[in-house]
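Participant:
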Ligand SMILES: Nc1ncnc2c1ncn2[C@@H]1O[C@H](COP(=O)(O)OP(=O)(O)OP(=O)(O)O)[C@@H](O)[C@H]1O
Ligand SMILES: [Mg+2]
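Chains as they are written, first to last, in full-length UniProt numbering: chain A, 1 to 849; chain B, 1 to 230.
1. What do you reckon, is the C-beta of residue 48 (chain B) under 7 angstroms from a heavy atom of ligand 2?
2. Given a threshold of 16 other Cβ atoms within 10 Å of its Cβ, counted over all protein chains shown, does residue 809 (chain A) qualify as buried or as exposed?
3. Determine whether the beta carbon atoms of residue 404 (chain A) and residue 35 (chain A) lie at a separation below 8 angstroms.
4. Answer yes or no: do residue 249 (chain B) and residue 221 (chain B) have a C-beta to C-beta separation smaller than 8 angstroms?
5. Can you check whether the CB of residue 718 (chain A) is closer than 8 angstroms to the CB of residue 339 (chain A)?
6. Does residue 218 (chain B) have its Cβ less than 8 angstroms from a Cβ in chain A?
7. Note down the Cα distance separating residue 355 (chain A) from residue 50 (chain A), rounded to an integer number of angstroms.
8. Let's see if you can read the secondary structure: which residues bound the alpha helix (DSSP H) around residue 772 (chain A)?
9. I'd like to check one pair, residue 595 (chain A) with residue 631 (chain A): are the Cβ atoms closer than 8 angstroms?
10. In chain A, which residues lie with their C-beta within 9 angstroms of the C-beta of residue 20 (chain B)?
11. Along chain B, in chain order, which residues have C-beta atoms closer than 7 angstroms to that of residue 840 (chain A)?
12. Spatial neighbours of residue 847 (chain A) within its chain, please: CB distance less than 6 angstroms, with the 5 preceding and 5 following residues excluded, ordered by chain position.
13. Excluding the five sequence neighbours on either side, which residues of its own chain have a C-beta within less than 7 angstroms of the C-beta of residue 134 (chain B), listed in chain order?
14. Residues of chain B with CB closer than 9 angstroms to the CB of residue 808 (chain A), please, in chain order.
15. Considering only the alpha carbon of each residue, which of A:38, A:440, A:410 and A:170 lies closest to residue 322 (chain A)?
16. What distance in whole Å lies between the Cβ atoms of residue 615 (chain A) and residue 664 (chain A), which are believed to be in contact at a cut-off of 8 angstroms?
17. Could you tell me which uninterrupted beta strand (DSSP E) segments, each at least 3 residues in length, are contained entirely in the stretch 494-559 of chain A, listed from first to last along the chain?
18. Between which two residues does the beta strand (DSSP E) carrying residue 689 (chain A) extend?
19. Specify whether the stretch 136-150 of chain B and the stretch 167-177 of chain B touch according to this definition: at least 3 beta carbon pairs, one from each stretch, less than 8 angstroms apart.
20. Candidates A:114, A:318 and A:671: which alpha carbon is nearest residue 275 (chain A)'s?
21. Quick one: does the C-beta of residue 873 (chain A) sit closer than 7 angstroms to a heavy atom of ligand 1?
22. Distance, Cα to Cα, residue 86 (chain B) vs residue 295 (chain A)?
23. How would you label residue 305 (chain A), buried or exposed, when you count the other beta carbons within 10 angstroms and need 16 or more for buried?
24. Assuming contact is defined by CB atoms lying nearer than 8 angstroms, are residue 523 (chain A) and residue 695 (chain A) in contact in what I supplied?
25. Starting from the beta carbon of residue 429 (chain A), find every residue of chain B whose beta carbon is closer than 7 angstroms, and list them in chain order.
26. Does the beta-carbon distance from residue 165 (chain B) to residue 90 (chain B) come in below 8 angstroms?
27. Kindly indicate which three-state DSSP category residue 72 (chain A) falls into: helix, strand or coil?
28. Could one say the Cβ of residue 867 (chain A) lies closer than 8 angstroms to chain B's Cβ atoms, at least one of them?
29. Residue 214 (chain B) touches chain A at which residues, Cβ-Cβ below 8 angstroms?
30. When you compare the CB of residue 15 (chain B) with every CB in chain A, is at least one pair closer than 8 angstroms?
31. Determine whether the Cβ of residue 468 (chain A) lies closer than 8 angstroms to any Cβ atom of chain B.
32. Any heavy atom of ligand 1 closer than 7 angstroms to the beta-carbon of residue 38 (chain B)?
33. Across the stretch 722-731 of chain A and the stretch 482-500 of chain A, are there enough close Cβ pairs to call them in contact, namely three or more that are closer than 8 angstroms?
34. Using 8 angstroms as the threshold, is the C-beta distance between residue 53 (chain B) and residue 60 (chain B) below it?
35. Identify the contact partners of residue 147 (chain B) in chain A, using a Cβ-Cβ distance below 9 angstroms as the criterion.
36. So with CB distances below 8 angstroms, who are the chain A contacts of residue 84 (chain B)?
Right, here's the structure in full:
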């Protein structure tokens, strides 16, 4: 070795030169592709989730009108404003009230939204200012109003004409198509009338006793919001209603959260697949470089120099793969976003740098974890090896390889999921599964070998191919076992991502059937109840049950102050801070499922002898409060205290668009308190039922949730497409692993078939033998993959996605058969060239590998 | 008696890059059943290339070639393979043992293509005959070069072929072991009438053959056995 090469610079040059030469070899290309894939997967999903997350928070802010919304019955004082502004928040004032709008002799109730110059804090208003619909980032200017087209129609006014509001008259300057803050959708059934805050006083609508809601909206970076947390808590205790978007994400919650988790899971699966490909390619890389290493040792290279040389070479590889992968990831996330743009707010934050760093970290981790132990062999090689083949250092122990790879993967799992226990569980479960699979694979190969012996000894025909193919597979037990495990893991990863997708989609579809309620009716008085339902039943509406509603606050848990009983993280829970809607019901409410304990006996409430009544609690809330069957909750309802003992826990779907309750009492107990009824119903577009209800029962609030329902439906369909996109990516990654692995073992198979040729085997026999071998490999690993996937899916469903696990029978058929077919096809394609070569050529090739 | 192997005007040209290289040109050869023929020549003369052509492992660019009375160039790859099955043995210069198979499994390989149920016994018998009875379950890399060569010899003879091509079958063997392998070759030649076509540098081996041929400038020429110097 020359003097220069001993120094760092020489090593650098040598490593680059080596890498350039190496790029011709299939294993190095496989390594490169696998690493690039890992980076692409993690950055694509990282970029996407990061932007989606920030975009959603912003959109939630848009729905609410700001990052924080304070609400009370009187104006907010300037002291509070100053404190919020000092924390770095931008403020906007808003007043909501219901009033009559009139023109000539026609009167119409309108839902007034009084805004200031800062409106809207997020998003834009779609409004027709006379020249067609446009998007503007402001409200009406003082002295004029904007109204909903429906109100314009009812009052028969157009742009430029005037409308009387209270004691003032205002010209209409705009027709509102859509407001960015969708509270409009949840607002009153009355059509919108928007005016400037400066004009409010002149209308004379704000008088003592009138129902006016004052809102203070604040917008700012998360740090600013965090700074005022204490202040908000204090205000809340004083009775100010507070909405914080980060806590109260809109209704879309569950579906989107699962989708995000799915994407992370898919990203991890892709990384795992890439890791498997790296491990397969590394074996071959090392085998190939053992001779080089030995030669360099002959020329006087030290162990350290060898390590550095190969480490440098791989570092270049990893870095260049990272760059390509990151670019791919960027393109991929743009694709994902393109699928979701109609749902997402227009101004999505740009991609951040964090996912990129995470991607590169992933590549290095995958390289170290999945290739490290195998690469160490290179350093142990002795110069004598050049003379004596048998001096190959022992292959890295399979346990060491799997162990290190698992640890690294577990670390990545933790990093991505943020859940240590889950990662540990999955890791240990995965390792246990691998041990089982390894044993199973060993036994299966043994069985194949024994079985192959039984296939008679006749020459020719399918039996001979079966015998020879099975033998070839089973004889190379170690190598075959490695492939078997790698393929099983690959199939399992592909299967899990496919399974979870299917179950997610089913869940989503079941969630919002055709007749999902699009109207809520609240505040139905007991004496209006029968008349109200008569109108509903006479019309074409399909409705859920009418639920009585009583408001009550939790004042004690197990006779202690709730704050002392619940876990620290739940002390600020909204369910503790606010009044809850309580109901009573004889049967389990539709869509609810009792998961623990039992529903009220028919005479449950008849004799609350010790003053305690049975109650049923939502399981999520029970978990948050750390309470269980037998614990008691005391409610303060209309000045009286009522204590209930939890006798059942219910699971319910908050995204169902049905009235849902945390707490259900048995009948009779709450009837003596003031209550009203709530229901939800579905009517077709253009039905006259809502109109009839409004005119017959003006006191009842009808809330049209069609807009939100539509948004949720749209969101689900778009998220579904994103899920399909990612699924396709994972499947592609899986196929590339198979390809890399088969390429890695290609030389050996070439050698075998070349020799069989020499011994007189025909091309057809050889391709049959290989076919049998590949199909057996695919079938067996498919079977093992199905087992692994079933176990892992159960873990993921229970531990992460909160879905009920089930056995996926079709998979047990599809994976083995599909595996046999897929590997058979890839193998066939790979060996086609060899079958056409003369034996001399295919055997001669060996020297070059 | 008709020749078992017959080449007339045989030529092999290879193209590497722009250059055309005539390794063999206008070469004639007749080998009769039961004969033993040694081919000698300097390194790079084309001996391995010739042996490959004769066994149908490669295709000539020119000339006629018949094996067992069949014209090889007229057969396709499968046809040539079918002709070899069970009838031709081949010992490669670089052994060509499968690294993942044991000595026994390597020896079994050609037998498995043939009918019969005593394959194991035959393979064991042949490994014992080449002196590797104790090493049957070793992998090639655990064997020395000479031992690997003997596995290759056992593998070539295990099907009791009519014709054996051997490229330097004693190249890596010491005189004692080499002698044993040579004895074995001729024992078979005598017992079963196996025809031997050998490439060798080993003069002991060459001199025991019926004929010695020298490969030079792409052609074969008969050598006087006594010319082959010790
Ligand atoms: N496919 C090929 N492409 C280019 N050159 C070739 C090819 N095959 C053989 N040769 C060349 O033909 C010549 C003869 O090769 P061959 O292996 O037959 O020699 P040999 O007589 O067996 O030599 P040795 O005694 O060293 O084994 C060599 O120079 C070799 O480089
Ligand atoms: Mg040669």
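Even glycine gets a Cβ: it sits at the ideal position worked out from N, Cα and C.
Facilitator: According to the structure data:
1. Short note on residue 48 (chain B): C-beta closer than 7 angstroms to some heavy atom of ligand 2.
2. exposed
3. no
4. The shown model of chain B, from 1 to 230, leaves out residue 249 (chain B), and the question about it has no answer.
5. yes
6. no
7. 8 angstroms
8. 763-796
9. no
10. Going along chain A, no residue has its Cβ under 9 angstroms from residue 20 (chain B), so there is no contact; the nearest lies around 18 angstroms.
11. 52, 57 and 58
12. Residue placement at residue 847 (chain A) cannot be trusted, given a pLDDT of 38 that sits under 50; the coordinates are not used to answer.
13. none
14. In chain order: nothing, as chain B lies at least about 36 angstroms away.
15. A:38
16. 7 angstroms
17. 519-524 and 547-557
18. From DSSP, residue 689 (chain A) is part of no beta strand (DSSP E) but of the alpha helix (DSSP H) over 689-696.
19. They touch, by the three-pair rule.
20. Per the Cα distances, A:318.
21. Given a span of 1 to 849 for chain A in the structure shown, any question on residue 873 (chain A) remains unanswerable.
22. 41 angstroms
23. buried
24. no
25. Chain B residues near residue 429 (chain A): none, gap ~33 angstroms exceeds 7 angstroms.
26. yes
27. Three-state result, residue 72 (chain A): strand.
28. Outside the shown range of chain A (1 to 849) lies residue 867 (chain A), about which nothing can therefore be said.
29. None at all; the shortest Cβ gap to chain A is about 23 angstroms.
30. no
31. yes
32. no
33. Contact holds: three or more Cβ-Cβ distances are below 8 angstroms.
34. yes
35. Those within 9 angstroms of residue 147 (chain B) in chain A number zero; the least Cβ separation is about 11 angstroms.
36. 758, 759 and 760
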